[in-house]
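Following: one structure in structure tokens, then a few remarks.
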Amino acid sequence: MGNRRQDHFARRAHDENFPARSVYKLEEIDRRLRLTRPGQRVLDLGAAPGSWTLYLCRAVGPHGLVLAVDPHDLHVPLPPNARFLRGSAADLAAEITAAGPFDLVLSDMAPATMGDRATDQFRSFDLFSTALDLAARTGRDGSSFAGKIFQGSSFEEARTRLRTLYIDVRIVRPKATRSESYEVFLCGLGKKTQ
Numbered sequence: 024m025g026n027r028r029q030d031h032f033a034r035r036a037h038d039e040n041f042p043a044r045s046v047y048k049l050e051e052i053d054r055r056l057r058l059t060r061p062g063q064r065v066l067d068l069g070a071a072p073g074s075w076t077l078y079l080c081r082a083v084g085p086h087g088l089v090l091a092v093d094p095h096d097l098h099v100p101l102p103p104n105a106r107f108l109r110g111s112a113a114d115l116a117a118e119i120t121a122a123g124p125f126d127l128v129l130s131d132m133a134p135a136t137m138g139d140r141a142t143d144q145f146r147s148f149d150l151f152s153t154a155l156d157l158a159a160r161t162g163r164d165g166s167s168f169a170g171k172i173f174q175g176s177s178f179e180e181a182r183t184r185l186r187t188l189y190i191d192v193r194i195v196r197p198k199a200t201r202s203e204s205y206e207v208f209l210c211g212l213g214k215k216t217q
């Protein structure tokens, strides 16, 4: 059943001209939490291959802006309401901060997995922390955040930190997530005034 579901998402992505099925993770998170609105400024971390960027550009419309950041090139032509910075989010923090503020900060960043769950989870927590640091610096008051993280020993620390910054914190495991994956998205709604 799980493989058929994954094949469904891969086929659907191909049919709808998205480079990856991960777009349906974002679509579900957005549908459940109502993250996007026309005219928003959105920071898209871990943007390659570009499915999330395309989805976001459509969601925010021509008066919005999507700043996509990734160490790898995008596999899609950039719409006019998108800008791309190539490099790691940590290395580009000053440029990202200068481009803010943002109404929504998203992170689909994930480490290259090593096969050791504890190591993979720690590296995922590190990327999540980078994204959350950027959200803390660049998110407007009232903005939202959603970041991928692997469940493990640092998960509660990440959730606690998110609660210090946002009024409402949710955990979302989208249906498009592979059954064997231990990733979830930690989401913060209503960034508190700092």
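So the sequence shown is numbered by my numbering: it starts at 24 and just counts up by one.
Every residue gets a Cβ at the ideal spot worked out from N, C-alpha and C, and that includes glycine.
If you're wondering where the values come from, they're calculated on a predicted model, not measured in any experiment.
- A buried status is given to Asp67, since no fewer than 16 other beta-carbon atoms sit within 10 Å of its beta-carbon.
- Proximity of the region 204–217 to the region 162–169 meets the contact definition, three or more beta-carbon pairs being nearer than 8 Å.
- When the alpha-carbon of Arg163 is set against those of Asp156, Asp126, Ala154, the nearest one is in Asp126.
- The DSSP-derived three-state label of Glu203 is coil.
- Looking from the CA of Ala70, the closest CA among Leu97, Ser202, Leu56, Pro61 belongs to Leu97.
- Shown here for Asp156: not one same chain residue has a beta carbon closer than 6 Å to its own, the five before and five after excluded.
- Ile194 is bridged by DSSP to Leu209.
- The beta carbon of Gly73 is closer than 7 Å to those of Pro42, Leu97, His98, Val99 in its chain, skipping five residues each way along the sequence.
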